[in-house]
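Each residue of the sequence shown is one higher than the one before, starting from 833 at the first, in the numbering used here.
Glycine included, C-beta positions come from ideal geometry on N, C-alpha and C.
These notes concern the structure reproduced below.
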Amino acid sequence: MKLQISDGYKSFGAFDILEGAGLQVKGSEKIGLVGRNGAGKTTLLRIMAGEEDLDRGQVIVPKNVQVGTLSQITFSDLDRTVHEALLEVFEPLKQLERDMEALTRVLETDPGEANLEKFDRLQTEYQAKGGYEYEKELKTVFHHFGFSEEDLDRKLSEFSSGQRTRIGLVKLLLSKPDVLLLDEPTNHLDIGSIEWLEGYVKRYPGAVIIVSHDRMFLDHVVDEIAEIEFGKVRTWPGSYTQFVKAKEDWLEKNHDAYMRQQEQIRNMEALIEKFRYKKNKAAFAQSKIKQLDRMERIEDSKSDRSRMKARFTSARPGGKRVLETDHLQAGYESVLADATFTLMKGERLAIVGPNGTGKSTFMKTIAGKLAPLSGTFRWGHQVDLGYFDQDTAQDTGTGTVIDELWDVAPNATQTEIRSTLASFLFTQDEVFKDISDISGGERVRLALAKLMLAHDNVLLLDEPTNHLDIPAREALEDSLKDYDGTVVFVSHDRMFLEKSATKILEIRDGKTTLFDGGYADYLEGRAEPVQEETRAAEKKPAAKASFQDQKALKNRIRKIEELIGQEEEKLEAMRELRYEPEYYQDYRKMEELDAQIDDQHNAIAALYREWEEKLAQVEEAEG
833 MKLQISDGYK SFGAFDILEG AGLQVKGSEK IGLVGRNGAG KTTLLRIMAG
883 EEDLDRGQVI VPKNVQVGTL SQITFSDLDR TVHEALLEVF EPLKQLERDM
933 EALTRVLETD PGEANLEKFD RLQTEYQAKG GYEYEKELKT VFHHFGFSEE
983 DLDRKLSEFS SGQRTRIGLV KLLLSKPDVL LLDEPTNHLD IGSIEWLEGY
1033 VKRYPGAVII VSHDRMFLDH VVDEIAEIEF GKVRTWPGSY TQFVKAKEDW
1083 LEKNHDAYMR QQEQIRNMEA LIEKFRYKKN KAAFAQSKIK QLDRMERIED
1133 SKSDRSRMKA RFTSARPGGK RVLETDHLQA GYESVLADAT FTLMKGERLA
1183 IVGPNGTGKS TFMKTIAGKL APLSGTFRWG HQVDLGYFDQ DTAQDTGTGT
1233 VIDELWDVAP NATQTEIRST LASFLFTQDE VFKDISDISG GERVRLALAK
1283 LMLAHDNVLL LDEPTNHLDI PAREALEDSL KDYDGTVVFV SHDRMFLEKS
1333 ATKILEIRDG KTTLFDGGYA DYLEGRAEPV QEETRAAEKK PAAKASFQDQ
1383 KALKNRIRKI EELIGQEEEK LEAMRELRYE PEYYQDYRKM EELDAQIDDQ
1433 HNAIAALYRE WEEKLAQVEE AEG
């Protein structure tokens, strides 16, 4: 057993956070800690890390078990280089190096058996602890968090606080505690870094407890879900998706069992009441009373079903062609993105790409907040723009929540304002909270509420899911799908991309590529970008195929289908290699593997194209 919390209670003022919570970590489990914002997830992590005490209950961590969390990683001297700061993790290995160097000098003058045996022991220990690999591992992990090798020689003071947080996460991973606690580790990481982190965590030798609202990350990494609800922790085996279904099934079955027991209790109480005063039935009634007393009562299922209910609508329809860009170059001093595309009414365009490629810069450019370096963009007829980013979400006024909403909709009735706030989970006295007292998640919900009241027909959303819990993300997905306007958004949440996007614009190395569909389509179709304006040319009708030709075509179609199955199996095997230490600990090998995966995507895409062409020929010949 590595860590155990039993019957834990924790309150902050009048708010009870944990009420009899328990959790056990036995070996190398990968546990996803989920629950609504404010449920107590971070509090529970802090208790496990020894940074908070329970008001009542017990926390057991054996003395030989090291628990690691990001808050323990500090950089006291910002004038040191990143490399120097990260090497602190390997101080025991550095000490072994110094001991070996000192012994080497001794061996020059005294090469006796005892010294040789001691050197052999030191060298064996050094090798077993990864002494010959730690520099490579350091560079690999650092690289996968979006840094270059040259950044290792820069001083910590040269990095922003957000970048230093990522460097701290690198240091935490390199320290390899027995129990690794991660609080929203995918925040501010791009998709490539998230996918690498999935492989790293999946193969991590110790236990990992992860607070995350990234559903796909949880699905790919964890083997157990611990949900905090109503102050208690209930664990469920499997991934997040499996947990959602299992919980729904349990709620239904438990409620049915509760209702059956209640009916049984009512029947028994009726019998007791009927016979308790009859002499010849008094013993029977008494036995039923004892049976009721001994009965283990089933608690009715309860689950927090409150959910954000955003509903975006547009005040006027606007034109069909919403946005046209022609070699639009966005950036500050150098070009980060060069785009030519047309956005039509009702489309939902997601912008993806590695960190630093210019996604937010591109959004600011089309929003008119930043002048383009060159090229043009033109919004269509009667376009009303609504803009959201994390800066605008956090940059709020100084009044109350309800005042903030009234400022943007002064003509709205109190009923409309209160109803809108209730849709975003601001109820009763919460609407009179001071803005300065609300959390990051509440600020995002408030900013989205303001956007909803504006009734714009185009929404520009830069990372709208940051600080939102899973139910709020799902509600936002639903609202965007039902929205009658057009959406352009940036997100690294792959599930949100899959559920919300109808097109994806990838920015990479200063170039842009457009793909149809959601995230899964983007992955499958990276080798086959949409070529707008070139697919309008009509194909000439082919001559009717002979019977033999049709037979050959059908045979080829069957063969292609077999090949597609085989090649997709190969692709899946390649993807699995990402989780092998040989690859995820060596970024050069990982880059080579990614290139091979891209080539495999190309091969499969080519087979699908041929399959579609042959199928069309058969249909034309038969039609």
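Next item on the list: For the beta strand (DSSP E) containing GLN927, list its first residue and its last residue.
Entry: By one-based count along the sequence shown, residue 927 stands at place 95. Taken as a continuous stretch (DSSP letters only), GLN927 belongs to no beta strand (DSSP E), being part of the alpha helix (DSSP H) at 923-941.
Check: Does DSSP classify GLN856 as helix, strand or coil?
Finding: Numbered from its first residue, the sequence shown carries residue 856 at position 24. GLN856 falls in the strand class under three-state DSSP.
Next item on the list: Ignore the nearest five residues each way along the sequence and tell me which others in PHE1116's own chain have a CB closer than 7 Å to its CB.
Entry: Taking the sequence shown and counting its residues from 1, one reaches residue 1116 at position 284. Excluding residues within five positions, the ones whose Cβ falls inside 7 Å are PHE1107.
Item checked: Own chain, CB closer than 6 Å to SER1192, minus 5 neighbours either side, in chain order -> Taking the sequence shown and counting its residues from 1, the one referred to as residue 1192 is at position 360. Answer for SER1192: ASP1294, listed in chain order.
Next item on the list: Could you tell me whether the Cβ of LEU984 comes closer than 8 Å to any Cβ of chain C?
Entry: In summary, chain C is missing from the structure at hand, where a single protein chain is found.
Note to self: If contacts are defined as beta-carbon pairs under 8 Å, then VAL1054 and GLY864 qualify, I think. What distance do you get, rounded to the angstrom?
What the structure shows: Locating residue 1054 in the sequence shown gives position 222, where the first residue counts as 1. Locating residue 864 in the sequence shown gives position 32, where the first residue counts as 1. That belief holds up - the Cβ atoms of VAL1054 and GLY864 are roughly 4 Å apart, short of 8 Å.
Next item on the list: Under the assumption that LEU1300 contacts VAL1322 (Cβ atoms under 8 Å), give the Cβ distance between them as a whole number of angstroms.
Entry: Taking the sequence shown and counting its residues from 1, one reaches residue 1300 at position 468. Taking the sequence shown and counting its residues from 1, one reaches residue 1322 at position 490. With 8 Å as the limit, LEU1300 and VAL1322 do not qualify as a contact, their Cβ atoms being about 14 Å apart.
Next item on the list: Report the three-state DSSP secondary structure of HIS1324 (helix, strand or coil).
Entry: Working through the sequence shown from its first residue, we reach residue 1324 at position 492. HIS1324: coil per DSSP, three-state reduction.
Note to self: Contact between the region 884-903 and the region 1072-1083 is defined here as three or more beta-carbon pairs at a separation below 8 Å; is this criterion met?
What the structure shows: no
Check: For the region 946-954 against the region 985-1001, are there 3 or more C-beta pairs whose distance is under 8 Å?
Finding: Contact annotation: the region 946-954 does not touch the region 985-1001, with fewer than three C-beta pairs closer than 8 Å.
Check: Closest to TYR1415 by CA distance: which of ARG1098, SER1025 and GLY1031 is it?
Finding: Translated into the one-based positions of the sequence shown, residue 1415 becomes position 583. Considering only alpha carbons, the answer is GLY1031.
Notebook entry, point to check: Given 8 Å as the limit, is there contact between the region 1167-1175 and the region 1295-1315, that is, 3 or more CB pairs closer than that?
Noted result: no
Notebook entry, point to check: Between the beta-carbon of LYS873 and the beta-carbon of VAL1040, is there less than 8 Å?
Noted result: The count along the sequence shown starts at 1 and reaches residue 873 at position 41. The count along the sequence shown starts at 1 and reaches residue 1040 at position 208. Contact flag unset, no.
Next item on the list: Take the Cβ of GLN1363 as the centre, count every other Cβ of all protein chains shown within 10 Å, and call the residue buried at 16 or more, exposed below.
Entry: Looking up residue 1363 in the sequence shown gives position 531. Per-residue confidence for GLN1363 stands at a pLDDT of 45, beneath the threshold of 50, marking its modelled position as unreliable; the derived number appears in the next sentence. Under this definition GLN1363 is an exposed residue.
Notebook entry, point to check: Helix, strand or coil: which one does DSSP assign to SER1071?
Noted result: By one-based count along the sequence shown, residue 1071 stands at place 239. The answer is coil: DSSP assigns SER1071 none of H, G, I, E or B.
Check: Roughly how far, in whole angstroms, is the beta-carbon of ILE1396 from the beta-carbon of VAL1184, given that I think they are within contact range, below 8 Å?
Finding: Along the sequence shown, read from residue 1 onward, the residue named residue 1396 stands at position 564. Along the sequence shown, read from residue 1 onward, the residue named residue 1184 stands at position 352. Incorrect: roughly 26 Å between the Cβ atoms, too far for contact.
Check: Pick from ASP985, VAL1002 and ASP983: whose alpha carbon is nearest that of PHE977?
Finding: The count along the sequence shown starts at 1 and reaches residue 977 at position 145. The shortest Cα separation from PHE977 among ASP985, VAL1002 and ASP983 belongs to VAL1002.
Check: By Cβ distance, which residues of its chain are closer than 6 Å to ILE1270, with the 5 residues on each side in sequence left out?
Finding: In the sequence shown, the residue the question calls residue 1270 occupies position 438. Answer for ILE1270: no residue qualifies.
Note to self: Spatial neighbours of TYR1090 within its chain, please: C-beta separation below 8 Å, excluding the five flanking residues on both sides.
What the structure shows: The count along the sequence shown starts at 1 and reaches residue 1090 at position 258. Cβ neighbours of TYR1090 beyond the five flanking positions: ILE1130, GLU1131, ASP1132 and SER1133.
Note to self: Quick check on the DSSP output: the alpha helix (DSSP H) that includes ARG1126 runs from which residue to which?
What the structure shows: Within the sequence shown, the letter at position 294 stands for residue 1126. Unbroken alpha helix (DSSP H) run through ARG1126: 1114-1126.
Checklist line | Residue from LYS1008, SER843, THR1252 and ARG1066 whose Cα sits closest to the Cα of VAL1033 | finding: If you number the sequence shown from 1, residue 1033 lands on position 201. Answer by Cα proximity: LYS1008.
Next item on the list: Using DSSP bridges, identify the partner residues of LYS987.
Entry: Here the question's residue 987 lines up with position 155 in the sequence shown. Looking at the DSSP assignment, LYS987 forms a beta bridge with THR913.
Checklist line | Distance CB(LEU1291)-CB(PHE1256) smaller than 8 Å | finding: Along the sequence shown, one-based indexing puts residue 1291 at 459. Along the sequence shown, one-based indexing puts residue 1256 at 424. Not closer than 8 Å, so no.
Check: On the three-state DSSP scale, how would you describe TYR1219?
Finding: The count along the sequence shown starts at 1 and reaches residue 1219 at position 387. TYR1219: strand per DSSP, three-state reduction.
Notebook entry, point to check: Does DSSP classify PHE1347 as helix, strand or coil?
Noted result: As a working note, residue 1347 is residue 515 in the sequence shown. Here PHE1347 sits in strand by DSSP.
Next item on the list: Pull up the CB-CB distance for ILE1465 and GLY1231, whole angstroms please, since I reckon it's below 8 Å.
Entry: Outside the displayed span of the chain (833 to 1455) sits residue 1465, for which this structure offers no information.
Next item on the list: Put ARG888 into one of helix, strand or coil per three-state DSSP.
Entry: Indexing the sequence shown from 1 puts residue 888 at position 56. Of the three classes helix, strand and coil, the one that applies to ARG888 here is strand, per DSSP.
Notebook entry, point to check: Do the CB positions of VAL1011 and LEU835 come within less than 8 Å of each other?
Noted result: Reading the sequence shown from its first residue, position 179 is the one you call residue 1011. Reading the sequence shown from its first residue, position 3 is the one you call residue 835. Yes; because the gap between Cβ atoms is below 8 Å, this pair is in contact.
Notebook entry, point to check: Hey, GLU1059 and VAL857 are a contact pair by Cβ (cut 8 Å); roughly how many whole angstroms apart?
Noted result: To locate residue 1059, count along the sequence shown from 1; it is residue 227. To locate residue 857, count along the sequence shown from 1; it is residue 25. Between VAL857 and GLU1059 the Cβ distance is about 16 Å, and since that is not below 8 Å, they are no contact.
Check: Would you call TYR1315 buried or exposed, if buried means 16 or more other Cβ atoms sit within 10 Å of its Cβ?
Finding: The residue you call residue 1315 lines up with position 483 of the sequence shown. Under a 10 Å Cβ-count criterion, TYR1315 is classified as buried, with 16 or more other Cβ atoms of the shown protein chains found around its own Cβ.
Next item on the list: Quick one: give me the first and last residue of the alpha helix (DSSP H) that TYR1525 is part of.
Entry: Coverage of the chain is limited to positions 833 through 1455, which leaves residue 1525 absent and any answer about it impossible.
Notebook entry, point to check: Which word fits GLU1274, buried or exposed, when buried means at least 16 other C-beta atoms lie within 10 angstroms of its C-beta?
Noted result: The count along the sequence shown starts at 1 and reaches residue 1274 at position 442. GLU1274 is classed as buried because its beta carbon has at least 16 other beta carbons within 10 Å across all chains shown.
Check: Per the contact definition of three or more C-beta pairs closer than 8 Å, is the region 978-987 in contact with the region 876-885?
Finding: no
Notebook entry, point to check: How is ILE849 classed by DSSP in three states: helix, strand or coil?
Noted result: Reading the sequence shown from its first residue, position 17 is the one you call residue 849. Looking at ILE849 - three-state DSSP - the assignment turns out to be strand.
Item checked: Per-residue DSSP class, three states only, for TYR1164 -> One-based indexing of the sequence shown puts residue 1164 at position 332. In this structure, TYR1164 counts as coil in the three-state DSSP scheme.
Margin query: On a Cα-Cα basis, can you pick out the residue from THR913, PHE1347 and LEU1124 that is closest to ALA1102?
Written below: Working through the sequence shown from its first residue, we reach residue 1102 at position 270. With distances taken between Cα atoms, ALA1102 lies closest to LEU1124.
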